[in-house]
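Everything on this sheet refers to the single structure shown next.
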């Protein structure tokens with residue numbers, strides 16, 4: 002701008018010199034004088050326009066500078082807020098991950114406890130059934146031996162009738178006590194097995210309720226975490242978390258199926274054993290009644 006002003010001043014001086022020279026011959030050069038006057042006016046107008054343009058540019062530059070300063074301050078404040086929000090979100094994400102890990106660990110512990118209790122109850126049922134089966138077999142052998150002995154004694158009844166009467170009286174008392182003992186033992190064992198089965202199902206229901214509660218809490222936390230990740234656009238983290246949850250879900254399903262199969266197998270075996278026990282008890286009672294009738298007919 003200074004160069005333009007210098008040029009304008011220089012041109013103005015030259016015009017003034019020319020004007021002074023032209024005034025000497027104003028009559029001859031009136032047309033030239035008019036042209037010079039017009040040129041001078043144009044230069045003045047140009048100078049004024051340049052001045053106005055300079056002022057306008059200065060004002061615009063000042064406004065731009067003020068806007069830049071304002072925008073810079075706003076941007077800086079925005080960046081600070083964004084950084085604070087990023088730190089806050091990172092802290093929340095860390096807390097959520099810690100909670101998810103803790104709940105996942107607790108969830109796995111619950112699954113392990115369910116499986117352990119199921120195995121313990123299953124083993125207990127097996128032991129009781131085996132013990133009961135052994136006693137039934139012993140009783141069955143006793144009854145078979147008694148039947149064999151009775152048949153042998155009946156075959157020689159004519160020769161040893163008095164001896165047989167005494168033996169049958171003793172056997173009647175023995176069978177009565179044996180039957181009462183067997184019935185009491187059967188009732189106790191059946192009640193014990195029923196209590197074990199009831200305890201097993203109560204334990205399963207209790208652990209299933211815990212499992213539902215843990216799943217509910219995990220689902221709520223997962224929804225919050227997913228919403229946060231979706232807002233941040235971190236879809237890769239969401240995909241990885243979904244894969245992890247799918248693997249965990251498969252493990253849970255596998256453990257649940259295994260536990261269910263063990264329970265079903267145990268119940269089926271228990272059912273079969275109870276049915277077999279009832280059949281043997283019926284046979285024993287029939288033999289007992291038959292023996293009593295035989296004894297009564299002899300005595």
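In our numbering, the protein residues as written are 2 to 300. Beta carbons: idealized from backbone N, C-alpha and C, even for Gly. Predicted model, so just to flag it, every value in this text is computed and none were measured.
CA-to-CA distance, residue j to residue i, given in whole angstroms
{"i": "residue 125", "j": "residue 131", "result": "10 Å"}
{"i": "residue 229", "j": "residue 200", "result": "43 Å"}
{"i": "residue 1", "j": "residue 221", "result": "The chain is shown only over 2 to 300; residue 1 falls outside these bounds and no answer can be derived."}
{"i": "residue 120", "j": "residue 129", "result": "14 Å"}
{"i": "residue 117", "j": "residue 146", "result": "43 Å"}
{"i": "residue 196", "j": "residue 139", "result": "25 Å"}
{"i": "residue 49", "j": "residue 64", "result": "22 Å"}
{"i": "residue 299", "j": "residue 149", "result": "The predicted model places residue 299 with a pLDDT of 46, which falls under 50 and marks its position as unreliable, so this point remains unresolved."}
Top-ranked residue by Cα proximity to residue i, from the options
{"i": "residue 207", "options": "85, 142 and 114", "result": "114"}
Close beta carbons around residue i, own chain, < 8 Å, minus the five adjacent residues each side
{"i": "residue 85", "result": "none"}
Chain-order list of residues whose beta-carbon lies under 6 Å from that of residue i (same chain, five-residue window excluded)
{"i": "residue 142", "result": "none"}
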